[in-house]
Amino acid sequence: MPTTLFNGILTSISTIKFTDVLDILVVAFLFYKVITMIRSTRASRIAKSIVLLLLVTWVTSLVHMYSLNFILSRILELGFIALVIMFQPELRRLLEQVGSRSIREALGGKQEAHPMGAAIAAVVTACENMSKTRTGALIVFERHNLLDEYFKTGTLIDAIVSDELLRNLFFTKAALHDGAVIIRQARIAAAGCVLPLSENTHLSSDLGTRHRAGIGMSEASDAVVVIVSEETGTISVAVGGMLKRHLAAKTLERLLVNELTTPQAEKPAKFYERLGRWLTKKGGKHEK
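Start counting the sequence shown at 11; every next residue gets the next number (the working numbering).
Here it is, written out as structure tokens:
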């Protein structure tokens, strides 16, 4: 019996073609991207609602509640169009990434390594100084999701990140102090940028526009956003729609290092980069 089972498994494996393996890997990649996209607070709530709606539809079918099942089925049919409309910004960013990267980068989701250590140190020092003087600040670290659309709302700079430059940009009487600074590849790419406000209705009432914009940016992308309160001088960080408040300088530095430079944060990207290299290699052999 075990021999027969083993022979059956070998026979099944021998029938697998390159296209079958490619099909499975592409589906796994798409699932990974979808799960990554719905990790934000807004998307996760919508995903839970969809799962609940599917369960209710299934139950109504089992108990023969035909009228309710018919209505829910029609809602689900129209739900796909509604989802495309609701997630239009996310889908547009995903298509922009695919169009602006090579095949290996699109599969791996990895960018070239950048000297983030110096940029993080400068941001921590600037935030510590601005916290003491109660100077409001909003600093965005771009990661895999490109933020080009927000550059258009501000002023392009392209400068090395430094404590002095950040404090000058956020100085109360400076022209760009009300907007956000966006850091790309360890350089200040733009300043005075307008960010989307959070749609979360459960945020604390003591959070002002600067904090809501920081949370909104972290909901709309995978960016890491640092906020310095103008009223209290407290330092906060928004990641994935979650806000971590009242951070000390050391805690801020440790958090930014973990989010932007640690190998753990790059493991999924490395896996898909290896997958991209493997597919490229196999594709070349297959063509021969």
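In this text, a Cβ means the ideal position worked out from N, Cα and C, and glycines have one as well. Source: prediction; values computed, not measured.
Report the option in 270, 214 and 238 whose CA atom is closest to the CA atom of residue 146. 238
Within 10 angstroms of its Cβ, does residue 222 collect 16 or more other Cβ (buried), or is it exposed?
buried
Check: Are the CB atoms of residue 196 and residue 128 nearer to each other than 8 Å?
Finding: Cβ atoms of residue 196 and residue 128: closer than 8 Å.
task: Check the DSSP bridge columns for residue 151 and list the partner residues they point to.
output: 193 and 234
Taking the Cβ atom as the reference point for each residue, do residue 257 and residue 225 lie within a distance shorter than 8 Å? no
Review point. Which value, in whole angstroms, describes the spacing of the CA atoms of residue 271 and residue 139?
Key: 24 Å
Checklist line | Residue from 132, 170 and 213 with nearest C-alpha to residue 259 | finding: Considering only alpha carbons, the answer is 132.
Inset, instruction - Could you please give me the residues that DSSP links to residue 203 through a beta bridge? - result: 190
message = For residue 229, count the other beta carbons within 10 Å of its own beta carbon; 16 or more makes it buried, fewer makes it exposed. Which is it?
response = buried
Whether residue 203 touches residue 193 by CB criterion (8 Å)
no
TODO: On a CA-only basis, which of 269, 71, 227 and 217 is nearest residue 251? Give me that one, please.
DONE: 227
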